[in-house]
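Asks: Here this note's numbering runs 149 ahead of the position in the sequence shown, where the first position is 1.
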Amino acid sequence: VKTPIPFLLHGTLREYQHIGLDWLVTMYEKKLNGILADEMGLGKTIQTIALLAHLALEKSNWGPHLIIVPTSVMLNWEMELKRWCPGFKILTYFGSQKERKLKRQGWTKPNAFHVCITSYKLVLQDHQAFRRKSWRYLILDEAQNIKNFKSQRWQSLLNFN
Numbered sequence: 150v151k152t153p154i155p156f157l158l159h160g161t162l163r164e165y166q167h168i169g170l171d172w173l174v175t176m177y178e179k180k181l182n183g184i185l186a187d188e189m190g191l192g193k194t195i196q197t198i199a200l201l202a203h204l205a206l207e208k209s210n211w212g213p214h215l216i217i218v219p220t221s222v223m224l225n226w227e228m229e230l231k232r233w234c235p236g237f238k239i240l241t242y243f244g245s246q247k248e249r250k251l252k253r254q255g256w257t258k259p260n261a262f263h264v265c266i267t268s269y270k271l272v273l274q275d276h277q278a279f280r281r282k283s284w285r286y287l288i289l290d291e292a293q294n295i296k297n298f299k300s301q302r303w304q305s306l307l308n309f310n
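#1: Report the residue from M223, P153, R163 whose alpha carbon sits nearest the alpha carbon of I288.
#2: Measure the alpha-carbon distance for A292 versus V218 and round it to whole angstroms.
#3: Taking the alpha-carbon of L191 as reference, which of M176, P259, E164 has the nearest alpha-carbon?
#4: May I have the straight-line CA-CA distance separating R280 from Q274, to the nearest angstrom?
#5: Can you round the beta-carbon distance between L206 and L157 to whole angstroms, since I take them to be within the 8 Å contact cut?
#6: Using C-beta distances below 7 Å, list every residue in its chain close to L230, excluding the 5 sequence neighbours before and after it, in chain order.
#7: Do you know offhand how far L251's Cα is from K151's?
#8: Just tell me which of R249, A278, K247, S283 has its CA closest to the CA of P259.
#9: Please list the terminal residues of the continuous beta strand (DSSP E) segment that includes Y177.
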């Protein structure tokens, strides 16, 4: 294990989570995409948050990062980010069309937020707005829920920058 646990992280990683963080950092440094496919309940969310903390401290990459999740776990991600990495500014992107438009008003300002969490449904609905933002890192939770990665919408979305 070579990656130091970022001091931004409020908590301790288990050894296998630390190894997972190492792997995620290696993937990032090699500019590769990857699938963290640990069993349910082993802390994939925490490992991912640790990666974002590492990027902030070691690479001066504070985002903005986009995390796309099933609607059912959106608030869990927000809670885990606030618990494990309270130093991050988080935008949880949900609500009516009008509420979402209000949330987008300030998001072009530098450091408006470090991490945006939204659902698959909303990122597709508002894909034009999401494409205009320069995301530094994209995380897909439970990506197996995407029915068709070859659809035009997903292709345009995944080719953000």
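From the three backbone atoms N, C-alpha and C, an ideal C-beta is built for every residue, glycine too. What you are looking at is a predicted structure, and each value in this text was computed from that prediction instead of being measured.
Replies: Based on what the coordinates show:
#1: M223
#2: 8 Å
#3: E164
#4: 12 Å
#5: 6 Å
#6: I198, F237, I239, V264
#7: 42 Å
#8: S283
#9: Taken as a continuous stretch (DSSP letters only), Y177 belongs to no beta strand (DSSP E), being part of the alpha helix (DSSP H) at 164-178.
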